[in-house]
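Trainee:
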Amino acid sequence: MTCPPSSKILDPRETWADKAAYDRQAIKLVQMFRENFKKFEAHVGADIKDAAPRLAAAAE
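Take 2 as the starting number for the sequence shown in the working numbering and just add one per residue.
Here it is in structure tokens:
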């Protein structure tokens, strides 16, 4: 019999001991994604663009 996973696993920020470091990394990853995605923006619709990560959502 296995124990159910901790609910912390469902919130990646909770798995980091240093929450500020997590926030910095999340912001960095969103910025990297957005920069890389510029190569593809001309080829996708608004629905795809609207699904891109946002800084506020990633750093919460």
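Every residue, glycine too, gets a C-beta built ideally from N, C-alpha and C.
Using the C-alpha atoms, what's the distance from Lys39 back to Asp48?
Mentor: Asp48 and Lys39: Cα-Cα distance of roughly 15 Å.
Trainee: Quick one, are the C-beta atoms of Arg35 and Tyr23 less than 9 Å apart?
Mentor: Not a contact, by the Cβ cut-off of 9 Å.
Trainee: Does DSSP put Val31 in a helix, a strand or coil?
Mentor: Residue state, collapsed to three classes: helix.
Trainee: Just to confirm my understanding: we take Leu30, look at its own chain, exclude 5 residues before and 5 after, and list those with CB closer than 6 Å. What are they?
Mentor: Correct list: empty, nothing qualifies.
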